[in-house]
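A.B. asks:
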Amino acid sequence: MSSRVVVVTGASSGIGRAAARAFAARGDRLVLAARSEDGLRQTDGDALIVPADVTRRDDLERVRRAAVERFGRIDVWVDTAAVMAYGKFEDVPAEVFDRVVTTDLLGPANVARTALRQFRDQGHGTLILVGSLLAHVAVPYMSSYITSKWGARGLARVLRQETRDNKHIHVCSVAPGSVDTPIYTSAANYAGFVGRPPPPVDTADRVAARIVRQADRPKPEVSVGATNRLIEFGFHALPALYDALVTPLMRHGGLSRQEIAHHDGNVFAPKPRVEGGPGRWGRARIGVAAVAVTLVGGAAANRLLSRKNPG
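First residue of the sequence shown: 1, per the UniProt record's numbering; consecutive thereafter.
#1: Where does residue 280 fall in DSSP's three states?
#2: Does residue 181 pass the burial test, meaning 16 or more other C-beta atoms within 10 Å, or should it be called exposed?
#3: Just mark residue 52 as buried or exposed, buried being the case when its beta carbon has 16 or more other beta carbons within 10 Å.
#4: Taking 6 Å as the limit between beta carbons, can you name the residues of its chain near residue 70, skipping five residues before and five after?
#5: From which residue to which residue does the beta strand (DSSP E) around residue 176 run?
#6: Return the CA-CA distance between residue 118 and residue 16, expressed in angstroms with no decimal places.
#7: Can you tell me which of 107, 75 and 22 puts its alpha carbon nearest to the alpha carbon of residue 151?
#8: For residue 242, which residues of its own chain have a beta-carbon under 6 Å away from its beta-carbon, when the five flanking residues on both sides are left out?
#9: I believe residue 128 touches residue 174 by the beta-carbon criterion, under 8 Å. Please report the beta-carbon distance rounded to the nearest angstrom.
#10: Counting only runs that start and end within the stretch 47 to 135, where is the alpha helix (DSSP H) found for 4 or more residues in a row?
#11: By the DSSP assignment, the beta strand (DSSP E) with residue 9 in it spans what residues?
#12: My understanding is that residue 315 touches residue 83, with C-beta atoms under 8 Å, so please give their C-beta distance in whole angstroms.
#13: Should residue 20 and residue 77 be called a contact, given that it needs their Cβ atoms to be closer than 8 Å?
#14: Compute the beta-carbon to beta-carbon distance between residue 333 and residue 145, rounded to the nearest angstrom, for a pair I have assumed lies under 8 Å.
#15: Can you tell me the Cα-Cα spacing of residue 38 and residue 244, whole angstroms?
#16: To the nearest angstrom, report how far apart residue 231 and residue 72 are at their CA atoms.
#17: Enumerate, from N- to C-terminal direction, the unbroken alpha helix (DSSP H) stretches of 4 or more residues contained entirely within the stretch 163 to 223.
#18: Comparing C-alpha positions only, which one of 135, 142, 238 and 216 sits nearest to residue 155?
#19: Does the Cβ of residue 56 have 16 or more other Cβ atoms within 10 Å, making it buried, or fewer, making it exposed?
#20: Near residue 159, which residues of its chain fall below 8 Å by C-beta distance, leaving aside the five closest residues on each side in sequence?
#21: Is the separation between the beta-carbon of residue 74 and that of residue 137 shorter than 8 Å?
#22: Is it the case that the Cβ atoms of residue 81 and residue 27 are separated by a distance below 8 Å?
#23: For residue 33, which beta-bridge partners are listed by DSSP?
#24: If we count the other Cβ atoms within 10 Å of its Cβ and call it buried at 16 or more, is residue 153 buried or exposed?
#25: With a threshold of 8 Å on Cβ separation, who are the neighbours of residue 102 within its own chain once the five nearest residues in sequence on each side are excluded?
#26: Contact defined as beta carbons within less than 8 Å: I believe residue 224 pairs with residue 202. What is the distance between those atoms, to the nearest angstrom?
#27: Is the CB-CB distance between residue 130 and residue 67 below 8 Å?
#28: Output the distance between the C-alpha atoms of residue 157 and residue 163, rounded to the nearest integer angstrom.
#29: Determine the DSSP secondary structure at residue 287, reduced to helix, strand or coil.
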């Protein structure tokens, strides 16, 4: 294995932290960036640490410059930075909605602009943007996050088109489903109940392994999640059934029964996070989720059969 120079933005927790550690285990040289310097040092104290906010272009330029000054190049840049807000669209304060979109959509744009400029200068590089299943489907109570992720997915597609002139520059995406990370409890919340990842829930390490594989063998986009494709199919092929099921499923699966007062979470500033989010499920709620997935899958199968046998 050859050692690469890897920048990870959003490396202070969750998928970013897991990805940084996976690259370090491979022997790559790391440059880690996020708003929380303490969180970055907990991720990997031996890495080059550059506190930065992806919403600030000057911060990202400092990250790029520090990496090149220390290592001479950047081979891979992974962006996992994200914040989230729960609540009906009209209940989420406008400034919170705007800040989520700024971080989760304009943030990746800022990262891409900085990374691609470096890749053009050196003639190669791989940009990996970590998106979400929610860039492919919609669910209630997460309007700002979904708006951002849909936009970021479109941006990634455009960037792949615009870098076709250099076969050594790659723009890749990773789309996880539910992942057990602190983002759910750190999110701004105007829904009244603490958020959590609906089942089935993957580990951050599993997503990190796919990110490393993207760096090894770049593909346009990979999906991580056992039911991602089924959910996407239901969203596109059975919209009426999907919309009838998604709100009650979100209430019972995406929101816990733990009440919480309205707050802006870590949207505007970093706050301490606890690794290992609320991805714990009892048998009853797993059963509800299994029934819902079975209904969607059965309806999808019936629709496919009716298409094959129209008579």
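Backbone N, C-alpha and C define an ideal beta-carbon position, used for all residues, glycine too.
C.D. replies: Working from what's here:
#1: Here the model assigns residue 280 a pLDDT of 49, short of 50, so the residue's position is not dependable and the matter cannot be decided.
#2: buried
#3: buried
#4: 48
#5: Residue range 169 to 176 is occupied by the beta strand (DSSP E) that includes residue 176.
#6: 21 Å
#7: Comparing Cα positions, the closest option is 107.
#8: 234 and 235
#9: About 6 Å separates the two Cβ atoms, so the contact holds.
#10: 57 to 71, 94 to 101 and 107 to 122
#11: Counting along the chain, the beta strand (DSSP E) containing residue 9 begins and ends at 5 to 9.
#12: Summary: the structure shown does not reach residue 315, with the chain confined to residues 1 through 311, and so no result is reported for it.
#13: no
#14: Residue 333 lies beyond the stretch modelled for the chain, which goes from 1 to 311, so this question has no answer here.
#15: 44 Å
#16: 43 Å
#17: 183 to 186 and 204 to 216
#18: 135
#19: exposed
#20: 112, 116, 127 and 171
#21: no
#22: Going by C-beta atoms, residue 81 is not nearer than 8 Å to residue 27.
#23: 9
#24: buried
#25: 55
#26: With 8 Å as the limit, residue 224 and residue 202 qualify as a contact, their Cβ atoms being about 6 Å apart.
#27: no
#28: Rounded to whole angstroms, residue 157 and residue 163 show a C-alpha spacing of 10 Å.
#29: Annotation note: pLDDT 41 at residue 287 (below 50); position unreliable, coordinate value reported separately. Note: residue 287 maps to helix in three-state DSSP.
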